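K.L.:
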Amino acid sequence: MHVRRLSHFHQRLHLHVLNMFILLVAAVVVQRAAGTCRNYCNSIPINYPFGIDDGCGSPEFRHMLNCSSTDLFFATPSGNYKVQSIDYDKKNLVIFDPAMSTCSILQPHHDFVLSDIQSALIPPSSDTVFVLMNCSIDSPVLNHYKSLCFNFAGHTCDELYGACTSFKLFHLLSNSTPPPCCFTGYGTVKFMSMNILDCTHYTSVYNTDNLKGVGPLDWLYGIKLSYGVPDTGCERCTKSGGTCGFDVETQALLCICSAAVNATRECGAGSVSSTAGQKPWQRTSSFLLTCTVYYSVSVFGYSRQSFVTQFQRD
Ligand SMILES: *[C@@H]1O[C@H](CO)[C@@H](O)[C@H](O)[C@H]1NC(C)=O
Ligand SMILES: *[C@@H]1O[C@H](CO)[C@@H](O)[C@H](O)[C@H]1NC(C)=O
Ligand SMILES: *[C@@H]1O[C@H](CO)[C@@H](O)[C@H](O)[C@H]1NC(C)=O
Numbered sequence: 217m218h219v220r221r222l223s224h225f226h227q228r229l230h231l232h233v234l235n236m237f238i239l240l241v242a243a244v245v246v247q248r249a250a251g252t253c254r255n256y257c258n259s260i261p262i263n264y265p266f267g268i269d270d271g272c273g274s275p276e277f278r279h280m281l282n283c284s285s286t287d288l289f290f291a292t293p294s295g296n297y298k299v300q301s302i303d304y305d306k307k308n309l310v311i312f313d314p315a316m317s318t319c320s321i322l323q324p325h326h327d328f329v330l331s332d333i334q335s336a337l338i339p340p341s342s343d344t345v346f347v348l349m350n351c352s353i354d355s356p357v358l359n360h361y362k363s364l365c366f367n368f369a370g371h372t373c374d375e376l377y378g379a380c381t382s383f384k385l386f387h388l389l390s391n392s393t394p395p396p397c398c399f400t401g402y403g404t405v406k407f408m409s410m411n412i413l414d415c416t417h418y419t420s421v422y423n424t425d426n427l428k429g430v431g432p433l434d435w436l437y438g439i440k441l442s443y444g445v446p447d448t449g450c451e452r453c454t455k456s457g458g459t460c461g462f463d464v465e466t467q468a469l470l471c472i473c474s475a476a477v478n479a480t481r482e483c484g485a486g487s488v489s490s491t492a493g494q495k496p497w498q499r500t501s502s503f504l505l506t507c508t509v510y511y512s513v514s515v516f517g518y519s520r521q522s523f524v525t526q527f528q529r530d
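Take the sequence shown: its position 109, counted from the start at 1, is 325 in our numbering, and no numbers get skipped.
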């Protein structure tokens, strides 16, 4: 009799432990699913002013980044460009146009177009050089807009066309003199499409400040964008443990404190919610602790009750 009662007690206890385990797993999953702003896209950290979940980051930078399962993309009117890195200290972001030519591949031109907002907020840096290649002799940059082409640390079209396997084609396919090229800035490609420029190919090189005497094989191909951070008091929110975001309808600034709490400026200690101002792991662990205590009490209470009931029945 005594043994049966005890095994019954154990059965119930096991059931409760199982229930508790399922609930804890569910709680963790729910917390993650309701998790507000992801701060990583694969290995690239996502911080203010950027956001990859709508309502996160600064509203000015809304819809600019797109995170897939393998890569982070910078979305523009001319396509999605793979983000190679983001430097939050220097405030720049390096992207790569998969359709542009480089030392190893020649691809027909493709306009690089930014939206007006992007051109204003996150334009190519001044140390990003666009190289227009195989331009026709009628190209505006060889005639009326000659002044848009500059001397790029002493590098010449001949050097470029002779330096790598892909660019050598321009040499090979022209029977006499190699076709003209032009080293220029973003302003040129912003105001004139490749068709107007009348050049068949382009490439872009970044970190160009110290490329004197460094050949095209060693250049860094890509586009470096430099941005400014809107001064909206985000620091105050971050310091209080929140993440800067905005209301997706009104674009009003928000300080996202937890999945359940948004404040206007900062996460107040205890004023909005007891969980406000805590780090996500603190919120999760205090939530789990609450669950554990609650279940321990109920399991203990229930088991004790059923034990007593049985005892009285016996
Ligand atoms: C807090 O703001 C975010 C971003 O706009 C939104 O997704 C979320 O639903 C808001 N939460 C509450 C509780 O208002
Ligand atoms: C995100 O980028 C991928 C890859 O280029 C593209 O297929 C997808 O349409 C983009 N999504 C948005 C919302 O821009
Ligand atoms: C260079 O441009 C000319 C037209 O101006 C074109 O016929 C030729 O194919 C181009 N060269 C390459 C390698 O694409």
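For glycine and all other residues, C-beta sits at the position ideal for the given N, C-alpha and C. From a predicted model like this one, the values you see are computed outputs, not experimental measurements.
Give the residues whose C-beta lies closer than 6 Å to at least one heavy atom of ligand 3, in chain order.
P.N.:
Result: Asn-350, Ser-352, Leu-385, Phe-386, Leu-389, Pro-395, Thr-416.
K.L.:
Under 8 Å Cβ to Cβ from Pro-275, same chain only, skipping five residues before and after it: list those, please.
P.N.:
By one-based count along the sequence shown, residue 275 stands at place 59. If we look at Pro-275 and ignore the five residues flanking it on each side, its Cβ neighbours are Phe-462, Gln-467, Leu-469.
K.L.:
Among all the DSSP beta bridges, which residues are the ones paired with His-291?
P.N.:
To locate residue 291, count along the sequence shown from 1; it is residue 75. The amino acid occupying residue 291 in the given sequence is Ala; His does not appear at that position. Ala-291 is bridged to Asn-296.
K.L.:
Tell me, please, which residues DSSP counts as bridged to Ala-369.
P.N.:
Against the sequence shown, residue 369 aligns to sequence position 153. Bridge partners of Ala-369: none, in fact.
K.L.:
Apart from the five residues on each side of it in sequence, which residues of its chain come closer than 8 Å, Cβ to Cβ, to Ser-382?
P.N.:
Looking up residue 382 in the sequence shown gives position 166. Within the same chain, Ser-382 has close Cβ partners Ser-317, Thr-318, Cys-319, Ser-320, Ile-321, Leu-322.
K.L.:
On the DSSP letters alone, give me the boundaries of the beta strand (DSSP E) that Lys-362 sits inside.
P.N.:
Position 146 of the sequence shown, counted from the first residue, corresponds to residue 362. Segment: none, Lys-362 is in no beta strand (DSSP E) and carries neither H nor E.
K.L.:
Within 10 angstroms of its Cβ, does Pro-340 collect 16 or more other Cβ (buried), or is it exposed?
P.N.:
As a position in the sequence shown, residue 340 is number 124, starting the count at 1. Buried, by the Cβ-count rule.
K.L.:
In the DSSP assignment, find the alpha helix (DSSP H) that holds Met-410 and state where it starts and stops.
P.N.:
Position 194 of the sequence shown, counted from the start, is the residue given in the question as residue 410. Unbroken alpha helix (DSSP H) run through Met-410: 410–413.
K.L.:
Which residue's Cα is closest to the Cα of Asp-269: Gly-484, Cys-450, Glu-482, Ala-475?
P.N.:
Position 53 of the sequence shown holds residue 269. Closest by alpha carbon: Ala-475.
K.L.:
If you reduce the DSSP assignment to three classes, tell me which class Tyr-422 lands in.
P.N.:
As a first step, residue 422 must be located in the sequence shown, where it is residue number 206. Three-state result, Tyr-422: strand.
K.L.:
With which residues is Asp-327 paired in a DSSP beta bridge?
P.N.:
Position 111 of the sequence shown, counted from the start, is the residue given in the question as residue 327. The partner list for Asp-327 (beta bridge, DSSP) is empty, contrary to what the question assumes.
K.L.:
What is the rounded straight-line gap between the Cα of Asn-282 and the Cα of Phe-328?
P.N.:
Residue numbering aside, residue 282 sits at position 66 when the sequence shown is read from its first letter. Residue numbering aside, residue 328 sits at position 112 when the sequence shown is read from its first letter. One C-alpha to the other measures close to 18 Å.
K.L.:
In the DSSP assignment, find the unbroken beta strand (DSSP E) run with Thr-404 in it and report its ends.
P.N.:
In the sequence shown, residue 404 corresponds to position 188, counting from 1. It is not in any beta strand (DSSP E) - Thr-404 instead sits in the alpha helix (DSSP H) that spans 402–407.
K.L.:
If you compare alpha carbons, which of Cys-351, Asn-423, Gln-334 is closest to Pro-324?
P.N.:
Numbered from its first residue, the sequence shown carries residue 324 at position 108. Residue Cys-351 is the option with its Cα nearest to Pro-324.
K.L.:
Is Cys-272 near ligand 1, in the sense that its beta carbon is under 8 Å from a heavy atom of that ligand?
P.N.:
Position 56 of the sequence shown, counting from 1, holds the residue named residue 272. For ligand 1, at least one heavy atom lies less than 8 Å from the Cβ of Cys-272.
K.L.:
Along the chain, where does the beta strand (DSSP E) containing Ala-459 start, and where does it finish?
P.N.:
Reading the sequence shown from its first residue, position 243 is the one you call residue 459. Inspection of the sequence shows that residue 459 is occupied by Thr rather than by Ala. 459–462 is the extent of the beta strand (DSSP E) around Thr-459.
K.L.:
Is Asp-303 helix, strand or coil when you go by DSSP?
P.N.:
For this step, residue 303 is matched to residue 87 along the sequence shown. Strand.
K.L.:
For Ala-336, is the classification buried or exposed, using 16 other Cβ atoms within 10 angstroms of its Cβ as the cut-off for buried?
P.N.:
Sequence index remark: in the sequence shown, residue 336 carries index 120 (1-based). With fewer than 16 other Cβ atoms within 10 Å, it is exposed.
K.L.:
Got a sec? Which residues, its chain only, sit under 8 Å from Pro-261 by beta carbon, not counting five neighbours each side?
P.N.:
The residue you call residue 261 lines up with position 45 of the sequence shown. Correct list, in chain order: Asn-255, Ile-302, Tyr-304.
K.L.:
Using the three-state DSSP reduction, which class does Tyr-437 fall into: helix, strand or coil?
P.N.:
The count along the sequence shown starts at 1 and reaches residue 437 at position 221. Tyr-437: strand per DSSP, three-state reduction.
K.L.:
By DSSP, does His-417 sit in helix, in strand, or in coil?
P.N.:
Residue 417 sits at position 201 when you count from the first residue of the sequence shown. Residue state, collapsed to three classes: strand.
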